[in-house]
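Per our numbering, residue 11 is the first one in the sequence shown, and the count goes up by one each step.
Ideal Cβ placement from N, Cα and C applies to all residues, glycine included.
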Amino acid sequence: EESPLRQAPDAIVIDNSNLTKDEQFDLVLGMARALIR
């Protein structure tokens with residue numbers, strides 16, 4: 011049996027159901043930049 015996908019304990023959950031592709035990109039890029047700083 012294949013191991014199921016599991017959410018990492020420190021995962022950041024993003025609800026992108028109402029976002030365009032550009033909005034998704036901008037959101038994730040902003041979050042990544044904030045974590046790098």
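### Query
What whole-angstrom Cβ distance do L29 and L37 have, given they're in contact under 8 Å?
Within the sequence shown, residue 29 is the residue found at index 19, counting from 1. Within the sequence shown, residue 37 is the residue found at index 27, counting from 1. Contact holds; Cβ gap of about 7 Å.
#### Entry: Distance between beta carbons of Q34 and N26, contact taken as under 8 Å
By 1-based counting over the sequence shown, the position of residue 26 is 16. By 1-based counting over the sequence shown, the position of residue 34 is 24. That belief holds up - the Cβ atoms of N26 and Q34 are roughly 5 Å apart, short of 8 Å.
### Query
DSSP on V23, reduced to helix/strand/coil?
Walking along the sequence shown from the start, residue 23 turns up at place 13. The answer is coil: DSSP assigns V23 none of H, G, I, E or B.
### Span separating the alpha-carbon of R47 from that of E12
Walking along the sequence shown from the start, residue 47 turns up at place 37. Walking along the sequence shown from the start, residue 12 turns up at place 2. Each residue's alpha carbon lies about 37 Å from the other.
#### Entry: Straight-line gap, D32 to A42 (C-alpha atoms, nearest Å)
If you number the sequence shown from 1, residue 32 lands on position 22. If you number the sequence shown from 1, residue 42 lands on position 32. Going from the Cα of D32 to the Cα of A42 covers about 15 Å.
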